[in-house]
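Number of protein chains: 4
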Amino acid sequence: MLRVGVMGAAGYAGVELARILMAHPDMDLVAITSDSDEGRMLRDVYPAFAGLTDLAFTSHDSLSGLDLDAVFLALPHTASMARVPAFLDAGVTVFDLSADFRLPSADVYREWYGVEHACPDLLERAVYGLPELFSRDLARARDRVSSGRAALVACPGCYPTATTLAAWPLVHAGLVSGTVVVDAISGVTGAGKRPSARTHFCSADEDVEAYGVGTHRHTPEIERNLSRADGHDHPVVFTPHLAPLSRGLLSTVTMSLASAIAADELAGLYRDAYADSAFVTVVEGQPRTASVVGTNRAQVAAVSVPRTSCVVATCAIDNLGKGAAGQAVQCANAVFGLGERRGLDLAPRAV
Amino acid sequence: MLRVGVMGAAGYAGVELARILMAHPDMDLVAITSDSDEGRMLRDVYPAFAGLTDLAFTSHDSLSGLDLDAVFLALPHTASMARVPAFLDAGVTVFDLSADFRLPSADVYREWYGVEHACPDLLERAVYGLPELFSRDLARARDRVSSGRAALVACPGCYPTATTLAAWPLVHAGLVSGTVVVDAISGVTGAGKRPSARTHFCSADEDVEAYGVGTHRHTPEIERNLSRADGHDHPVVFTPHLAPLSRGLLSTVTMSLASAIAADELAGLYRDAYADSAFVTVVEGQPRTASVVGTNRAQVAAVSVPRTSCVVATCAIDNLGKGAAGQAVQCANAVFGLGERRGLDLAPRAV
Amino acid sequence: MLRVGVMGAAGYAGVELARILMAHPDMDLVAITSDSDEGRMLRDVYPAFAGLTDLAFTSHDSLSGLDLDAVFLALPHTASMARVPAFLDAGVTVFDLSADFRLPSADVYREWYGVEHACPDLLERAVYGLPELFSRDLARARDRVSSGRAALVACPGCYPTATTLAAWPLVHAGLVSGTVVVDAISGVTGAGKRPSARTHFCSADEDVEAYGVGTHRHTPEIERNLSRADGHDHPVVFTPHLAPLSRGLLSTVTMSLASAIAADELAGLYRDAYADSAFVTVVEGQPRTASVVGTNRAQVAAVSVPRTSCVVATCAIDNLGKGAAGQAVQCANAVFGLGERRGLDLAPRAV
Amino acid sequence: MLRVGVMGAAGYAGVELARILMAHPDMDLVAITSDSDEGRMLRDVYPAFAGLTDLAFTSHDSLSGLDLDAVFLALPHTASMARVPAFLDAGVTVFDLSADFRLPSADVYREWYGVEHACPDLLERAVYGLPELFSRDLARARDRVSSGRAALVACPGCYPTATTLAAWPLVHAGLVSGTVVVDAISGVTGAGKRPSARTHFCSADEDVEAYGVGTHRHTPEIERNLSRADGHDHPVVFTPHLAPLSRGLLSTVTMSLASAIAADELAGLYRDAYADSAFVTVVEGQPRTASVVGTNRAQVAAVSVPRTSCVVATCAIDNLGKGAAGQAVQCANAVFGLGERRGLDLAPRAV
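Chains as they are written, first to last, in the numbering used here: chain B, 1 to 351; chain L, 1 to 351; chain Y, 1 to 351; chain R, 1 to 351.
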């Protein structure tokens, strides 16, 4: 059994990590931390755990000295990079769910996050944890761990995960030119657990709204992923929206075709790309967020619109599952050489 | 008082027409019809009207002989055009909420709706009822009515209304080139009142999904409106989405700039375009559907994204208000020379 | 035109008051106050008002010296009673939406609210503003105002309003004995505008929960109303619930019959009680909150369950309408001798 | 591995059974049947199963000859009893989720369901499957199965399950007298999968309503359970309500005390009653439906209201989990001697 901890476990991604790890057959969830809820029982903060666990939140600092194999950081950006070096030095492999190690350079980080990176030297060591597309990155981390050293995995953002899964097969085939338009819709958990005027039920209910237009920080992460697909730059216009659901994220990606592609070729491209994937399914019809909520699964579709020489690709994920906690555990399975689905056979709900 | 009737008043757009017209100070709602609910009281089909009205649904055919000034047709496409000629012949001005008279030619109609148009000769007489942008069309209809003849107004679709209001100022200024990407989100009333597996609460709840990708019939209507803005063709990739709210529609329009525009110029362009509009407000921040639900209002915003030479414009409307019933009444006010806001001072709800 | 102000207009009941009063034909909304949002435009706090008004929040203290005829206090309890005496002294009639003047004695107030009443001498002057049932109380206030003095109206709580309207005809007929069980369900606006863990969308969504079991402060108000109906004490077990809707409140009242009553007698009792009421409708079938939201209306039904010698009466209101702002304006109409429906012909939405 | 089938698996309870049984370590889901969806893939009817299973719906009649150990019947009442005898004759143990075998006599069945019971002789053989309270019943069924004969288990209704769990400890202690008032709130899955005007998203959204007042067929089942608790009759006034959530059920039970009970005694009574229960948790604070949705768990609380000599007990379950499919599998585990939690360690979601 691997000994693991979750830092920031009172937030939505953190508690989803706790939920998954408590049932993981190969991992032992040793500690969950929270600055704001330190000392409280998990079940008192989240009553769904009543009768199921006596886990309590400890302080962030309590993790040192627990002899952990790995830690999952579900902290805000900047808070995360302040913690990473000490864990790595102590030989603890880090799965970081913040944005701190997702971008390739300290310059890009400064440009979008407005702060200096605290440990730019670690950016190169960090691998980007989107297993379906960048398995070689995770293999590098696996090698480190196999040889007794600690690895650092930057877990992708929720929007970049869905968007990249939707766009990849077409971009990878060299068929996309020009600006890529990404409109995505997220449930309210995406806005975090802190109560605010905007996340009040009576504000979010029966409402949809775009936000962060032209400025959302997931943009450079999406652009980098697309450029890794075919070696070219693809400017991305990314507009996220908030909709009245708790969990679930749909990304709709409109791409201009560099050259025509028949509908069956397009279908084949997508089918092949995810044929061996345990968690990504190419669906007939359109992906629905309700179908993947509570799981680590993604549903993808691509539709050709010949009259405009465009393809519209869509991907539905649970922003807290494949978009955060689920994917982090999937990365941990890969890095520690466990079966890909261990702890992640989370049954979706039909209704 | 004008004598008016609503045909198809048991559907969502129809009943919203009834709601507005019952309180309209210059119109007398003489009859509401429904094939499926003929003989039932309005309050028995929609219990919100209990204690407020004794109106009952009569048959569609009951409208003839009522000496109406105008009729609002809230019927499915094809059913609508089967009714229009008789009304016009009888001197009754028609406000048609179906798609039957929105498109410029019988050819385009056949291409997108798959049926032959029943009265192509009337297409030219029909005027397109988006008062903020095509007031001259409505002036033509006003002239007809002033001279004692019946007019025919094709009321715009919900998605074209929001999309055109969002895109118009920029396109009209000649600043848009290339393909226009429209991603829009609608509440479930947009799917109609007929119960189906898809509109079951437990299917629509906590879910978002794209639909009609590349094939939605509002596409040619949007394209035609944009081409009227600057005289050029603008291919549109239109992807509508369904979200878990009852009423409300947000259209997000991503446009490539033909030449750069400063942020304040862009703001000025939009402010000027709707400066005199009673119902369209250019907002700082982003439009929210909850802010316009229950009203005939629209909220619009435009954001420049210089790094991609794009503008993202958004518009929120109530799909049953400015997207259907409200706009039809606004058209009727224009055609009959009534004050623009008559019957349409519907207070939004703050929460 | 009466000059009126709303104190605490940034809260949910307060902004609903503002919404109604802005359109009231006989009242001029001179000022809206807010401590937390002082200096902000109403439309910036509630974007539904964009393009509709330039009203801005001023400080609570700004109301003095405005020569008001009346003020509506939408303040928390205790904050309200601290303001009332000064207004009355200045000749300003007060419609208090807090609980401070609803209870008959300072003792009962202390027992349930845990604080000493600040102006017990005013309790007797206060009249209880439930116009359908206690019109004589409002007539007293009307007399004061007619003779040039300021009146004080305690506007009922949301749960007491719905519960009393549901129970009154049967209790008033002397047919109820024993404990009355009240289970009620409220939308989340009932929990107020302040963001909290409990009112976060992701907490309230897809959840129902009882709260305040046995201790809710509306209990003595309900009991007092029922005792006024027949002169007897009726112990009330009151359990409120929170459900995932923004507005709307349903009270389900189970009463033991002192003697049997036939179904048609029961129906007649209810019909007669509200026959002349502009806002209360006795419905066939069951009241639905969606039918009354956004209005000052109430829907009521009563069903006999002979096998248990009980009657189950239900009442649906909008907790912000008939349960707060609407009713306060209805009281103001009564006290100032205006038509009962002035400013309150708020059309319900069919969907 | 036990060979099991689900009849009526396209409905909400049926598909939840399928979801659970597909992952059950000791059961092999051999067939799922549906009359309306015969021939369709499960994943085409419920897209959450895309990529997860190739199960397809077969006809109801296809189950014979499959050499099943057990069948779960998720059929409407009357349809169920038409199928039961053949299964029992073939040695197939039946878990019936309909109401057909829940009531003690054909007379009571006729009274509430308005039809003659088709196999009254089987009523005595049927055991009532609420394992926490009636384990001896299930032991009887276990004995039958152990000796090679087929058993018949009547799985409780959703409202009776929650209500009985809430009321039992107090009634069992002999502390309840007089009429018991049950007000319960259910999510919309409780109304079934068939699309209707009432279950349309736009009808159920933002609405609460009572239904079946005084006539709901779960009433005699609740009364029978309570009478088994202390040997006395307890007339029940049961009012169910519909609220805008998909899954989840809360029952609020108000009981008059025969004699006083201290708060800590009450707490002890409830704690002891469920101390050994794997699925029922007595919570501090109030149960929330969101905490148990997707699981077989129940949360219970009881609050004394001394001023009225009443206790208000509440219980939250997932109407499709502990209220239907989960409990049926729990019964199957008991009857076949499997571990109580096998296949039922369904992790709740924290959010």
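Even for Gly, the Cβ is constructed at its ideal location relative to N, Cα and C.
Determine the burial state of His117 (chain B): buried for a count of at least 16 other Cβ atoms within 10 Å of its Cβ, exposed for fewer. buried
Residue nearest to Asp35 (chain R) in terms of C-alpha spacing, selected from R:Thr163, R:Thr53, R:Pro76: R:Pro76
When the distance is taken between beta carbons, is Leu123 (chain Y) closer than 8 Å to Phe101 (chain Y)? yes
Between Ala197 (chain B) and chain Y, is the shortest Cβ-Cβ distance under 8 Å, so that the two count as touching? yes
Rank Y:Glu132, Y:Cys315, Y:Leu97, Y:Pro244 by C-alpha distance to the C-alpha of Glu284 (chain Y) and give the top, closest one. Y:Cys315
Compute the distance between the beta-carbons of Leu66 (chain R) and Ala31 (chain R), then report whether it is under 8 Å. yes
Name the two residues that bound the continuous beta strand (DSSP E) containing Ile185 (chain Y). 176-186
Report back the beta-carbon spacing between Ala210 (chain R) and His241 (chain R) to the nearest angstrom; my notes put them in contact at under 8 Å. 5 Å
Residues, ordered as in the chain, of the stretch 40-59 of chain B that lie near chain R by beta-carbon distance below 8 Å: Tyr46, Pro47, Ala48, Phe49, Ala50, Gly51, Leu52
Quick check: is the beta carbon of Val283 (chain R) nearer than 8 Å to any beta carbon in chain B? yes
Contact between the stretch 50-57 of chain R and the stretch 88-104 of chain R (3+ Cβ pairs under 8 Å): no
Does the CB of Pro189 (chain L) have a neighbour CB from chain Y at under 8 Å? Per the sequence presented here, residue 189 (chain L) reads as Thr, with Pro not at that position. Output row for Thr189 (chain L): interface = yes.
Output, in chain order, the set of chain L residues within a Cβ distance shorter than 8 Å of Glu367 (chain R). With chain R running from 1 to 351 in the structure shown, residue 367 (chain R) is simply not present.
So, do the stretch 165-178 of chain B and the stretch 287-304 of chain B have three or more beta carbon pairs nearer to each other than 8 Å? yes
Using only alpha-carbon positions, find the residue among B:Leu266, B:Met81, B:Leu175, B:Tyr159 that is nearest to Glu223 (chain B). B:Tyr159
Any beta carbon of chain R sitting closer than 8 Å to that of Cys158 (chain L)? no
List, in chain order, every chain L residue whose beta-carbon is nearer than 9 Å to that of Ala23 (chain Y). Asp345, Ala347
Roughly how far, in whole angstroms, is the beta-carbon of Arg142 (chain R) from the beta-carbon of Gly337 (chain R), given that I think they are within contact range, below 8 Å? 6 Å
Counting along the chain, where does the alpha helix (DSSP H) carrying Ser80 (chain R) start and finish? 79-89
Based on the DSSP output, what are the partners of Val4 (chain B) in its beta bridges? B:Leu29, B:Ala70
If we require 3 or more residues per run, which beta strand (DSSP E) segments fall completely within the stretch 132-166 of chain Y? 152-154
Under 8 Å between C-beta atoms, does Asp183 (chain Y) make it to chain R? yes
Give me the residue from R:Thr199, R:Leu250, R:Ala267 with the minimum Cα distance to Asp207 (chain R). R:Thr199
Spatial neighbours of Ala332 (chain L) within its chain, please: CB distance less than 7 Å, with the 5 preceding and 5 following residues excluded, ordered by chain position. Ala70, Phe95
Residues of the stretch 212-240 of chain Y in Cβ contact with chain R at a cutoff of 8 Å, in chain order, please. Val213, Gly214, Pro235, Val236, Val237, Thr239
Cutoff 8 Å: Gln299 (chain L) Cβ touching any chain B Cβ: no
For Ser291 (chain Y), is the classification buried or exposed, using 16 other Cβ atoms within 10 angstroms of its Cβ as the cut-off for buried? buried
For Asp205 (chain Y), report the span of its alpha helix (DSSP H) as first-last. Unbroken run through Asp205 (chain Y): none, as it is neither H nor E.
Roughly how far, in whole angstroms, is the beta-carbon of Pro120 (chain L) from the beta-carbon of Glu221 (chain L), given that I think they are within contact range, below 8 Å? At roughly 17 Å, the Cβ-Cβ gap does not stay under 8 Å, so Pro120 (chain L) and Glu221 (chain L) are not in contact.
Touch check for the stretch 124-135 of chain R and the stretch 255-266 of chain R: three-plus C-beta pairs under 8 Å? no
Could you tell me the alpha carbon to alpha carbon distance between Thr110 (chain R) and Leu103 (chain R), rounded to whole angstroms? At residue 110 (chain R) the sequence reads Arg, which differs from the Thr that was named. Spanning the two alpha carbons is a distance of roughly 10 Å.
First through last residue of the beta strand (DSSP E) which encompasses Cys310 (chain L): 310-317
Would you check if the distance between the CB atom of Ile354 (chain L) and the CB atom of Ala243 (chain L) is smaller than 8 Å? Outside the shown range of chain L, which is 1 to 351, sits residue 354 (chain L), and nothing can be said about it.
Can you tell me the Cα-Cα spacing of Gly231 (chain R) and Thr308 (chain Y), whole angstroms? 19 Å
Among residues of its own chain, excluding the 5 on either side of Leu249 (chain R), which ones have a beta-carbon nearer than 8 Å to its beta-carbon? Cys158, Tyr159, Ala162, Ala184, Ile185, Ser186, Gly187, Gly190, Thr289, Ala316, Ile317, Asp318, Asn319, Gly323
Tell me the residue span of the beta strand (DSSP E) that contains Pro120 (chain Y). Counting along the chain, Pro120 (chain Y) falls outside any beta strand (DSSP E), and DSSP gives it neither H nor E.
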